[in-house]
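In the UniProt record's numbering, the protein residues as written are 1 to 254.
Think of the CB as a built atom: it goes at the ideal place given N, C-alpha and C, for glycine as much as any other residue.
The structure presented is a predicted model; accordingly, all values stated were derived computationally and were not measured.
Report on the following structure.
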Amino acid sequence: MSALVSAAGLGLVDTRAAVTADPSRRDPDELRALAERAGRELEGAPALEIARWAAETFGDRFCVTSSMADAVLAHLVSRVAPGVDVVFLDTGLHFPETLAVRDEVARTLPVNVRSIRPRLTVGQQDGEYGPRLFSRSPDECCQLRKVEPLERALTGYDAWAAGLRRDESPTRANTPVVTFDPRRGKVKVNPIAAWTQADVDAYIGRWNVPVNELFRRGYGSIGCWPCTRRTGAGEDPRAGRWAMFEKTECGLHV
């Protein structure tokens, strides 16, 4: 059976098996030079222009990654690249509300949602590493359920877009609009890096973009349910992530 299994009625894809290296992949040195030049030239450009550059430069070797907190990035890129692949990391520990956004995106936007699962189910992980690994070693859990799956998911691409914004946290304050990821040897595009929360809200309102219901229930940032809590008034939006640990990122964006 193929490693790519379409989910009935949703157009989703479940990818667990390792993907053979693509011989058409561009040379990393070429990608690095391309990213460095674009990072300079596109700084200050509108988000749609940045997305258009990525889509025209990389074609079907470009994808979007989304946590499904909202569909802003997927919607934005779909305006210049209809049918673009949208990669969602289905950790097996998401809130139902997050999966509902994923399903709505697959149904309503002109994109191809690829739902990527870890090699181990939550039950298999419990058996191999002990139960509730997220409460004992969240970095290890994120590595197994997010980082490694993303490595597999990005195999067939030279570039991908992420929804990072500079105003989200101090660790993201210097996020470039285009950069080279030396660990993965790929170009990373952050079209909405310069947007504020007000910009995001305005875009959602204008285009009626799907949004995770949990935001309306007091969550400032949404990840896996065991490692996410509501945030209080005045707290940093990401204060509810891994609140019991000195951890601010899952390891995807380093």
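Closest Cα partner of residue i within the set the options
| i | options | result |
| --- | --- | --- |
| arginine 102 | Leu31, Gly127, Leu73 | Leu73 |
| cysteine 224 | Thr231, Trp207, His94 | His94 |
| glutamine 197 | Arg183, Cys227, Gly185, Ser221 | Ser221 |
| alanine 159 | Arg184, Ile204, Arg136, Arg79 | Arg184 |
| arginine 145 | Tyr157, Arg216, Leu120 | Leu120 |
| arginine 26 | Val80, Pro82, Lys186, Ala51 | Lys186 |
| threonine 228 | Ala54, Ala173, Phe134, Asp167 | Phe134 |
| leucine 109 | Val122, Arg79, Gln125 | Arg79 |
| leucine 34 | Ala47, Ala45, Thr57 | Thr57 |
| glycine 123 | Ile204, Glu140, Gly156, Gly92 | Gly92 |
| alanine 45 | His75, Tyr157, Trp195, Glu140 | Trp195 |
| glycine 163 | Arg172, Gly127, Thr155 | Arg172 |
Beta carbon of residue i nearer than 8 Å to that of residue j
| i | j | result |
| --- | --- | --- |
| glutamate 213 | glutamate 97 | yes |
| alanine 161 | valine 77 | yes |
| aspartate 70 | proline 210 | yes |
| arginine 165 | alanine 193 | yes |
| arginine 117 | proline 82 | no |
| residue 257 | lysine 188 | One cannot answer for residue 257 here, as it falls past the ends of the chain, which runs 1 to 254. |
Endpoints, the beta strand (DSSP E) within which residue i is located
| i | result |
| --- | --- |
| cysteine 63 | 62-65 |
| tryptophan 207 | Run containing tryptophan 207: none in the beta strand (DSSP E); it sits in the alpha helix (DSSP H), 197-207. |
| phenylalanine 88 | 85-89 |
Terminal residues of the alpha helix (DSSP H) in which residue i lies
| i | result |
| --- | --- |
| arginine 122 | According to the sequence displayed, residue 122 carries valine and not arginine. Looking at the DSSP string, the run of the alpha helix (DSSP H) that includes valine 122 is 122-129. |
| serine 221 | Per DSSP, serine 221 belongs to no alpha helix (DSSP H) and is neither H nor E. |
Nearest-angstrom Cα separation, counted from residue j out to residue i
| i | j | result |
| --- | --- | --- |
| arginine 152 | glutamate 41 | 30 Å |
| asparagine 190 | proline 176 | 7 Å |
| leucine 12 | aspartate 60 | No answer about leucine 12 holds up, because its pLDDT of 49 lies below 50 and its placement is not dependable. |
| arginine 206 | arginine 136 | 42 Å |
| glutamate 49 | threonine 179 | 16 Å |
| arginine 132 | alanine 38 | 43 Å |
Evaluate contact between the region 86-103 and the region 64-71, counting only Cβ atoms and requiring at least three cross-stretch pairs below 8 Å. Proximity of the region 86-103 to the region 64-71 meets the contact definition, three or more beta-carbon pairs being nearer than 8 Å.
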